[in-house]
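See structure below.
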Amino acid sequence: MTKSHATMVLALALTLPTMASALPPPGSPMPAFSVDDIAGNHHTERDLRGQWTVAMILTDKDVADDITAWSRRLEAVVRSPARLYRFGALNLFPLLPTAPMISRARESTPRHRWNTVWFSRDGSFASALGLPEEEMPWVVVINPEGRVALTLHERVSEQGVQRILAALPAPPPAEPALAP
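108 is the number that numbering that gives the first Met the number 0 gives to position 109 of the sequence shown; each next residue is one higher, with no gaps.
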């Protein structure tokens, strides 16, 4: 085996686990999962059906600032019929208390949006989604049938925002103003 062939085999071997553990490709259904929001309500992948959804997902606690940046940027440009969700799909040491994490999430989220912040700390949500623990956020556009339309694995960028907007349907036209 030549050195370049060995290098290529090693590179492929190192990338296969990552490729195998990523979200399904566009057109595939969202994987089955079960998780609670920060208000304590239970959700499954079926709750993502019926409307366009943009989900910002963190699988590492150090990505919270990146999720906040994505959230602020997308809240400024994503319009109905799409809705925005934040998913905390973490795998934390069992002795770390959950209450302070939920409290911080509630403090940074208006009460009427608590149902859009889904949180799991035991690794089951990330595992169900097929996402490894990484210090890079995931952003997923999900169509009304519950299928993946777009997946990004990057920090907020104008190019990423444009890709998300291109994956979403155009917002309905504004109603004309009535003449006085």
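By construction, the Cβ of each residue, glycine as well, lies at the ideal position given by its N, Cα and C atoms.
These numbers come from a predicted model, not from an experiment.
Helix, strand or coil for residue 29 per DSSP?
coil
Taking the straight line between their C-alpha atoms, what separation do you get for residue 13 and residue 172?
Any answer about residue 13 is weak, because its pLDDT of 39 lies below 50 and its placement is not dependable; what the coordinates show is given next. C-alpha separation (whole angstroms): 48 Å.
Local Cβ density within 10 Å of residue 40, reported as buried at 16 or more and exposed below that
exposed
On the CB-based measure, 16 or more other CB atoms within 10 Å of its CB, does residue 135 come out buried or exposed?
exposed
Alpha carbon to alpha carbon, how far is residue 163 from residue 47? Give it in angstroms, no decimals.
17 Å
Going by DSSP in three states, residue 135 sits in which element: helix, strand or coil?
coil
Where residue 89 and residue 168 are concerned, what is the direct C-alpha to C-alpha distance, given to the nearest angstrom?
31 Å
Report, in whole angstroms, the separation of the C-beta atoms of residue 104 and residue 116, which I expect to be a contact under 8 Å.
6 Å
Closer than 8 Å by C-beta to residue 101: which residues in its own chain qualify, once you throw out the five before and the five after it? Chain order, please.
37, 118
Is it right to say residue 31 is buried, meaning 16 or more other beta carbons lie within 10 angstroms of its own, or is it exposed?
exposed
Quick one: what's residue 73 bridged to in DSSP?
DSSP lists no partner for residue 73.
Excluding the 5 residues flanking residue 92 on each side, which residues of the same chain have their C-beta closer than 8 Å to its C-beta?
none
With contact counted as at least three CB pairs below 8 Å, one residue from each stretch, are the segment 130-146 and the segment 46-66 in contact?
yes
Could you tell me which of 152, 22, 124 sits nearest to residue 43, measuring between CA atoms?
124
Once the 5 residues before and after residue 19 are set aside, which same chain residues still bring their CB inside 6 Å of it?
Confidence in residue 19 is poor, its pLDDT being 40 and thus under 50, which makes the residue's placement unreliable; the coordinate value appears in the next sentence. Taken in chain order, the list of residues that qualify is empty.
Given a threshold of 16 other Cβ atoms within 10 Å of its Cβ, counted over all protein chains shown, does residue 54 qualify as buried or as exposed?
buried
Taking the continuous beta strand (DSSP E) assigned at residue 53, which residues delimit it?
52-57
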